[in-house]
Structure formats: structure tokens, C-alpha cells
Amino acid sequence: MIEQFPDTLVSGIRIAQDFNALFNKDNIENIYVSGMGGSGIGAEFVYSFVKDELKIPFAVGKSYDLPAWVNQNTLLILSSYSGNTEETIEVLKKGIHQSAKVVVISSGGTMMRLAIENNLSFVKLPSDWSSPRACLGFSIAAQLGVLFKIGLISEKKWAELLECADFIKTESSQIQEKSKKLAESLFGKMIVIYSSERIEPVALRFRQQINENAKRLCWHHVVPEMNHNELVGWRKSDDELAVLFLLNSDDSDRISQRMDLTKDVVSHFAGSVISLFSKGKNTIERSLYLVHLLDYASVHLAFLNGVDPVEVKVIDFLKSELAAAKD
Ligand code: PA5
645 MIEQFPDTLV
655 SGIRIAQDFN
665 ALFNKDNIEN
675 IYVSGMGGSG
685 IGAEFVYSFV
695 KDELKIPFAV
705 GKSYDLPAWV
715 NQNTLLILSS
725 YSGNTEETIE
735 VLKKGIHQSA
745 KVVVISSGGT
755 MMRLAIENNL
765 SFVKLPSDWS
775 SPRACLGFSI
785 AAQLGVLFKI
795 GLISEKKWAE
805 LLECADFIKT
815 ESSQIQEKSK
825 KLAESLFGKM
835 IVIYSSERIE
845 PVALRFRQQI
855 NENAKRLCWH
865 HVVPEMNHNE
875 LVGWRKSDDE
885 LAVLFLLNSD
895 DSDRISQRMD
905 LTKDVVSHFA
915 GSVISLFSKG
925 KNTIERSLYL
935 VHLLDYASVH
945 LAFLNGVDPV
955 EVKVIDFLKS
965 ELAAAKD
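Add 644 to the 1-based position in the sequence shown for this note's numbering, that's all there is to it.
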């Protein structure tokens with residue numbers, strides 16, 4: 645599934661090209677995207693890709709709540725691969741109640757049914773994928789496509805996504821080689837990920853992929869914020885800790901200096917410190933290059949750990965217990 649990531653970007657772009665809003669596209673004053681887990685992470689990427697040109701506020705929600713400021717001038721995007729995630733369904737119902745301009749992005753389920761019944765706009769994703777987190781390419785392309793078709797982002801930004809799919813394909817064999825080596829150096833360690841705030845979605849994605857694919861705990865934080873708190877926690881040597889620094893060529897000088905100093909402090913205490921550099925000519929390429937490499941690394945780690953990267957039985961268990969508790 646990970647191998648197909650660039651193809652999912654391309655087919656996601658094709659699917660999104662056909663999107664037509666069923667609401668009045670004028671007067672959109674803000675954007676709110678709601679989704680959980682593998683269907684929520686796409687929104688974090690989309691915001692990080694468009695914030696340099698988007699003129700209106702963009703917020704991401706990962707729970708049952710919908711802020712009171714969401715109204716008839718809000719573009720409300722609901723992202724759930726299955727269409728059956730209860731938090732996102734509840735936000736969808738609240739969005740209808742608060743008269744938001746709703747777009748459902750899903751492969752089916754209750755959410756697609758509600759979208760059709762209520763004459764809402766939607767993007768229908770292919771329904772034959774077993775893992776929502778492997779559908780990140782569809783999710784990013786669909787959300788970015790909705791913003792483009794509504795006229796909220798430039799054609800240049802939209803074109804960058806398509807170019808990125810080609811870029812990742814070109815880099816593919818080198819990415820696979822690097823990911824294997826990285827996984828070997830992280831194997832058996834408690835992994836800590838640090839990145840600049842600009843590419844936090846990449847750090848969060850790797851953390852979630854280590855959790856769900858490699859079945860291990862992990863944490864991440866960002867510079868500069870961690871320089872003001874978490875850094876003080878580095879006082880005790882621990883050989884079990886492997887710290888991965890995700891470095892971005894367009895980080896500002898001050899962020900680069902902070903990264904270097906943070907690395908110096910941390911290397912006195914951690915078992916190992918590894919630096920991984922992004923590649924690409926813009927934020928989309930640099931972020932998704934790292935995502936692809938780290939997604940592969942998470943699967944190599946799963947194999948090294950002797951676990952099945954696909955199953956998430958404990959999430960299924962929790963969802964079914966919660967459904968039973970409702971009846
Ligand atoms: O990776 C997963 O399976 C989860 O993180 C799901 O994405 C999450 O539980 C939400 O489900 P859905 O993507 O169907 O809304």
C-alpha cells in the first residue's frame with residue numbers, strides 16, 4: 645500500500661478535479677476540517693501546505709466538538725475513510741445544524757448516506773483499501789482539490805501536488821534504501837522525533853505510523869516550542885532512546901541554530917541521535933518525501949518487531965465496545 649502512495653496522489657487529484665460544490669462558494673470566512681487518526685492527519689498537511697497563501701483562518705478538529713464560530717460562512721470538511729467514525733459523524737450533524745458549507749470526504753458508510761440524504765457536497769474515495777492511513781494521498785489530494793475548486797488556493801499550489809507525485813516516484817528506490825537503514829538504526833529503541841514547527845505533520849505522521857504499523861510507543865515535539873519546556877527534561881542518560889531530527893532545508897537560520905543546539909544538548913543523554921534531511925523544491929515535496937521514507941521505515945520496523953503492520957485490532961475492539969455501550 646505504501647508503494648502506491650504517489651499513485652494515490654495522482655488518482656486523488658483526478659477524483660478531486662470532478663468536485664463541484666453544491667453550496668454558494670462566496671463569503672467563505674474560515675475553514676474547519678474534522679477527522680480522526682489516519683483520516684485526520686491529511687488536514688494537518690493541507691494546512692501546512694497552504695498557510696503561506698491562504699487568506700482565511702483554517703482550523704483542524706479531532707474530536708466530537710464543533711466550535712461555536714462555525715456558521716453559514718464556514719467551509720466545513722469532514723474526513724473519514726470508512727464514513728463510520730462516530731466523532732466525525734457527530735461533527736457532521738452539528739455542522740448541518742450550524743448551517744455550515746459542508747463537504748464530506750469518505751469512501752461510503754453513514755457519512756456518505758447522510759451527505760446524499762441532505763444534498764451535501766462530497767468527494768467519494770475508492771472503497772477497496774483496508775487501512776485508512778494508507779489513503780493519505782487520497783485524503784490530501786481531495787482536501788487540497790476542494791480548496792482549489794472553491795477558489796481558495798492558487799492553481800500553482802494545486803499543480804505542485806501533481807509534480808510532487810512524479811518527484812516521489814523518481815526518488816523511490818533511494819527512499820526505500822534509506823528507509824531500511826533508518827529502521828535498522830531505530831530498531832529496539834524508544835523513538836523520539838523532533839522537527840521544526842513548519843513540518844510538524846511529518847513528525848506526527850511518523851509517530852502515528854510507529855504506533856499503528858510497528859506497534860510501539862513513540863513521542864514527538866517541535867522546535868522552537870520544545871526549547872521552552874521539554875528540553876529541560878533531558879537530564880538523565882538513557883541508552884534506550886533514539887532521537888530522530890527531521891531537518892528541512894528551508895528552515896530559517898534561527899530554527900537551524902536552535903536545532904543544532906538542541907541536538908548538542910540531547911546527544912549528551914540519548915543512546916543515539918540521527919539526522920534525516922528533507923528533499924524537494926517546495927514544502928509539499930519536502931514533506932511528502934519524508935512521509936514516504938518514514939512510512940516505509942515504519943513497515944520495516946514492524947517486520948523487525950515481528951508484527952503485522954496492517955492490523956489495528958485494538959482500535960476495532962474499542963470502536964465495537966463503544967458501539968455496544970450505546971445500544
Ligand atoms: O488508521 C486507522 O485505521 C485509524 O487511525 C482510522 O483512520 C481512524 O480510526 C478513523 O477511522 P476512519 O478513517 O474510517 O474515519
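Note that CB positions come from ideal geometry on N, CA and C, so glycine has one too.
Just so we're clear, the structure is a prediction, and the values are computed from it rather than from any experiment.
Buried/exposed call for residue i, threshold 16 Cβ in 10 Å
| i | result |
| --- | --- |
| I685 | buried |
| S840 | buried |
| N664 | exposed |
| T718 | buried |
| R849 | buried |
| R851 | buried |
| N873 | exposed |
| R961 | The amino acid occupying residue 961 in the given sequence is Phe; Arg does not appear at that position. Exposed, because fewer than 16 other Cβ atoms sit within 10 Å of the Cβ of F961. |
| W713 | exposed |
| A778 | buried |
| S683 | buried |
| L905 | exposed |
| S751 | buried |
| S765 | buried |
Under the three-state DSSP convention, the category residue i falls into
| i | result |
| --- | --- |
| I749 | strand |
| E673 | coil |
| A665 | coil |
| W713 | coil |
| S912 | The sequence given here has His at residue 912, not Ser. Coil at H912, not helix or strand. |
| I797 | coil |
| T906 | helix |
| A703 | strand |
| A660 | helix |
| G789 | helix |
| T718 | strand |
| M755 | helix |
| L698 | coil |
| A744 | coil |
| A858 | coil |
| W878 | coil |
| F1005 | Coverage of the chain is limited to positions 645 through 971, which leaves residue 1005 absent and any answer about it impossible. |
| W802 | helix |
| G679 | strand |
| D772 | coil |
Residue i to residue j span [Cα, whole Å]
| i | j | result |
| --- | --- | --- |
| I740 | L830 | 46 Å |
| V943 | V909 | 30 Å |
| L720 | K706 | 13 Å |
| V690 | I784 | 6 Å |
| A786 | V767 | 7 Å |
| I749 | I733 | 12 Å |
| A967 | D939 | 31 Å |
| V654 | L736 | 27 Å |
| P701 | K970 | 35 Å |
| L890 | L875 | 17 Å |
| S823 | A941 | 5 Å |
| W863 | I835 | 7 Å |
| V954 | E821 | 21 Å |
| P770 | L920 | 33 Å |
| N728 | K813 | 33 Å |
| M645 | G781 | 11 Å |
| L796 | L698 | 7 Å |
| Y708 | S964 | 17 Å |
| K801 | G656 | 15 Å |
| S692 | L826 | 25 Å |
| N763 | G877 | 52 Å |
| I928 | L758 | 32 Å |
| E647 | S817 | 10 Å |
Top-ranked residue by Cα proximity to residue i, from the options
| i | options | result |
| --- | --- | --- |
| N671 | P711, N715 and S655 | N715 |
| S743 | S692, F667, Y725 and K793 | F667 |
| V935 | N728, A660, L698 and P845 | P845 |
| A886 | F921, D894, Y838 and R930 | Y838 |
| E688 | Y708, S723 and D960 | S723 |
| V917 | K925, K907 and R851 | K907 |
| I959 | E856, K800, K745 and A847 | E856 |
| R658 | V747, N763 and V790 | V790 |
| K859 | L962, V951, L905 and A703 | V951 |
| E730 | M755, S751 and P711 | M755 |
| V747 | E955, Y725, I646 and V677 | V677 |
| D882 | E965, F913 and S692 | F913 |
| L948 | Q661, L888, L937 and E828 | E828 |
| Q661 | D696, L788, L937 and K669 | L788 |
| E673 | G682, E647, K745 and G832 | K745 |
| K833 | E815, L888, G681 and K957 | L888 |
| S798 | K695, P650 and V956 | K695 |
| S922 | E815, S911 and Q853 | E815 |
| V956 | D904, I854, T927 and L758 | I854 |
8 Å Cβ cutoff, residue i in contact with chain C
| i | result |
| --- | --- |
| Y940 | Protein chain content of the structure displayed is limited to a single chain, and chain C is not contained in it. |
Just to be sure I understand the criterion: a residue counts if its Cβ is closer than 6 Å to at least one heavy atom of the ligand PLP. Which residues meet that? What this structure holds is the ligand PA5, not the ligand PLP.
Hey, is the stretch 806-823 in contact with the stretch 917-937, meaning 3+ C-beta pairs nearer than 8 Å? yes
Across the stretch 861-877 and the stretch 898-907, are there enough close Cβ pairs to call them in contact, namely three or more that are closer than 8 Å? yes
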